[in-house]
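All residue numbers for the sequence shown refer to the numbering used here, where the first residue is 16 and numbers rise by one. Structure record follows, encoded as structure tokens.
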Amino acid sequence: MTIKPFNKTAVNLNNIDLASYGSGSYLASDVTVLLDIVDKDAVTDVPVSQKEALIQSGQRHYSDMLTLEQAPSAMHEQLYRQALEQGTQRNATDVANLAYTLQHIFQSSVNNDEQPLILVSLVRAGLPIGVLLQRALADSDSSYSLPSKHYGMSIIRDRGLDAVALQLLLETYPNSPIVFIDGWTGKGAIYQELATSLAEFNHPDHPNFTNIFHQGMDVIPLLTLADPADVAWLAASEEDWLIPSGLLNSTVSGLISRSLYTAPQSGLHRSIFYDDLITFDHSLAFIDCIDMARKQLNTPPQLLPTFEQPRYKTKAIIDMLAMRYQITNRNRIKPTIAEATRAILRRDPECVLLATSDHPDTALLRHLCTDRDINVVVLGAKILPYQAVTLIKQRASQE
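Below, the structure is given as structure tokens:
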């Protein structure tokens with residue numbers, strides 16, 4: 016289903032103060048997370064196998080259930096640290112280039128008073144990238160400082176962007192442009208969900224048209240660190256690489272769970288805070304590491320290209336995999352290293368497809384496959400630019 020246009024009378028926004036929302040385990044200056052944080056005891060912990068059967072049979076939507084996260088294993092932690100060491104310079108450089116490009120685009124249209132650039136990170140994968148961008152834009156010693164405010168917002172496949180949260184921002188910052196941030200793209204499903212949710216604003220006569228379609232009619236302002244699906248308006252690269260923050264879940268995303276759907280008339284989408292995982296939390300340490308590396312870069316930032324429309328260059332690969340493995344529900348196909356890894360941690364995988372058998376960026380993925388006896392198939396260049404794809408096991412008799 017697609018979320019219906021927001022009805023202002025459904026929720027009373029007059030009594031809602033944005034400052035009352037938290038930031039997870041990030042600093043208050045890093046982000047305000049527009050989620051209704053509920054107690055863990057109020058959420059049913061659904062085992063992965065049961066959740067998979069309910070999702071694929073159509074009995075429940077994935078955003079109505081949660082499998083509570085467990086602490087990462089010692090090997091998982093070690094491989095994350097290796098990925099961080101390996102990817103710090105690239106991550107820092109990418110953030111600097113993105114910040115520099117945003118400053119170039121918006122320097123004449125935002126100000127310090129009532130019109131900052133609004134960064135909206137899509138919870139959860141967008142949060143670490145959004146925090147890094149917020150810190151970069153706030154760095155007065157850089158060549159790309161820019162007035163900005165950063166918020167986290169839920170988006171759920173088939174149910175859309177949190178309409179209540181978006182309306183809160185539009186009413187608070189009626190003159191500010193908004194940029195949406197995600198960590199990476201896989202098939203482009205979240206881009207499509209975002210476009211559907213924003214369609215009602217896509218007309219010059221809409222009072223919030225310029226808040227969202229500031230780059231032109233039909234141009235969805237989605238920014239990502241990596242864009243293998245070729246759908247983002249702005250991205251640091253199109254490569255599928257080992258983004259360190261893609262290897263962990265809540266423990267690198269402010270200890271916030273995947274979001275749970277709430278109907279617009281009932282308020283914001285929900286989430287839980289994993290207070291039991293505080294001793295394993297890397298959220299701030301990750302940000303501090305990449306931010307320090309950004310400040311120490313010796314090369315000047317580069318202006319990145321922007322794209323008005325998605326190119327969907329990997330659509331043929333997804334079509335090929337769907338035909339080869341007789342998959343009618345494309346949601347069972349999880350491309351990119353990050354998405355393939357998360358699918359193993361959160362879902363019930365059938366197998367993992369790799370471009371090469373020994374690529375260093377898939378070390379954690381291969382370890383998890385060995386540990387859990389998951390079949391690995393090397394398909395070579397057929398799946399490039401994706402380095403990895405996880406196929407979710409079919410649980411229902413009909414998809």
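The beta-carbon is built from N, C-alpha and C at its ideal position, and this holds for glycine as well.
{"Query": "Cβ-based neighbour list, Asn106, same chain, cut-off 6 angstroms, excluding 5 preceding and 5 following", "Result": "Ile305"}
{"Query": "Leu238 versus Arg150: straight-line alpha-carbon distance, rounded", "Result": "16 angstroms"}
{"Query": "DSSP beta-bridge partners of Arg285", "Result": "Asp51, Leu275"}
{"Query": "6 angstroms Cβ shell around His7 - same chain, five flanking residues per side excluded", "Result": "Limits of the chain in this structure are 16 at one end and 414 at the other, which puts residue 7 out of reach."}
{"Query": "First and last residue of the uninterrupted beta strand (DSSP E) at Tyr166", "Result": "163 to 171"}
{"Query": "Contact check, Val393 vs Arg381, beta carbons under 8 angstroms", "Result": "no"}
{"Query": "CB of Val253 within 8 angstroms of CB of Pro400, strictly", "Result": "The residue asked about is misnamed: residue 253 is Glu in this sequence, not Val. For Glu253 and Pro400, yes; Cβs fall inside 8 angstroms."}
{"Query": "Glu365, DSSP secondary structure in three states", "Result": "strand"}
{"Query": "Per-residue DSSP class, three states only, for Asp136", "Result": "First, the residue type needs correcting, since residue 136 is Ser and not Asp in the sequence shown. In this structure, Ser136 counts as strand in the three-state DSSP scheme."}
{"Query": "Local Cβ density within 10 Å of Asn231, reported as buried at 16 or more and exposed below that", "Result": "Per the sequence shown, the amino acid found at residue 231 is Gly instead of Asn. So Gly231 counts as exposed."}
{"Query": "Range covered by the alpha helix (DSSP H) that runs through Ala331", "Result": "330 to 339"}
{"Query": "Simplified DSSP assignment, three categories, for Ile227", "Result": "helix"}
{"Query": "8 angstroms Cβ cutoff met for Leu360 and Ala403", "Result": "no"}
{"Query": "Straight-line gap, Thr377 to Gln130 (C-alpha atoms, nearest Å)", "Result": "42 angstroms"}
{"Query": "Buried or exposed by the 16-neighbour rule on C-beta atoms within 10 Å, applied to Ile205", "Result": "buried"}
{"Query": "Chain-order list of residues whose beta-carbon lies under 6 angstroms from that of Gln317 (same chain, five-residue window excluded)", "Result": "Asn112"}
{"Query": "Span of the alpha helix (DSSP H) around Thr116", "Result": "89 to 121"}
{"Query": "Span of the beta strand (DSSP E) around Phe195", "Result": "193 to 199"}
{"Query": "Chain-order list of residues whose beta-carbon lies under 7 angstroms from that of Val234 (same chain, five-residue window excluded)", "Result": "Phe228, Trp248, Glu323"}
{"Query": "Inter-stretch contact (C-beta, 8 angstroms, three-pair minimum) for the stretch 187 to 202 and the stretch 128 to 142", "Result": "yes"}
{"Query": "Three or more C-beta pairs below 8 angstroms linking the stretch 175 to 195 and the stretch 274 to 284", "Result": "yes"}
{"Query": "Residue range of the unbroken beta strand (DSSP E) whose run includes Leu263", "Result": "Looking at the DSSP string, Leu263 is not in any beta strand (DSSP E), and its letter there is neither H nor E."}
{"Query": "Residue from Asp56, Ser260, Glu186 with nearest C-alpha to Thr226", "Result": "Checking the sequence shown, residue 226 turns out to be Asn, not Thr. Among Asp56, Ser260, Glu186, the Cα nearest to that of Asn226 is on Glu186."}
{"Query": "Assigned exposure category for His218 - 16 Cβ within 10 Å defines buried", "Result": "exposed"}
{"Query": "First and last residue of the uninterrupted beta strand (DSSP E) at Pro350", "Result": "348 to 350"}
{"Query": "Between the CA atoms of Asn190 and Lys397 - distance to the nearest angstrom", "Result": "46 angstroms"}
{"Query": "Nonlocal neighbours in the same chain, by C-beta distance under 8 angstroms from Arg418, ignoring five residues either side", "Result": "Outside the shown range of the chain, which is 16 to 414, sits residue 418, and nothing can be said about it."}
{"Query": "CA-to-CA distance, Thr385 to Ala89, given in whole angstroms", "Result": "15 angstroms"}
{"Query": "Rounded straight-line distance, which links the Cα of Ala353 to that of Gly99", "Result": "With the sequence shown as reference, residue 99 is identified as Leu, and Gly is not the correct amino acid for it. Rounded to the nearest angstrom, the two C-alpha atoms are 14 angstroms apart."}
{"Query": "First and last residue of the uninterrupted alpha helix (DSSP H) at Val179", "Result": "178 to 187"}
{"Query": "As assigned by DSSP and simplified to three states, the class of Leu299", "Result": "helix"}
{"Query": "Bridge-paired residues (DSSP) for Asp60", "Result": "Leu81"}
{"Query": "Cα-Cα separation, Asp242 to Leu148", "Result": "17 angstroms"}
{"Query": "Enclosing alpha helix (DSSP H) for Ile398 [first to last residue]", "Result": "Neither: Ile398 is in no alpha helix (DSSP H) and is coded neither H nor E."}
{"Query": "Closest by C-alpha distance to Ala244, when choosing among Ile333, Pro222, His165, His374", "Result": "Ile333"}
{"Query": "Cβ neighbour criterion (16 or more within 10 Å) applied to Arg15", "Result": "Within the shown structure, residues of the chain are numbered from 16 to 414, placing residue 15 beyond reach of any answer."}
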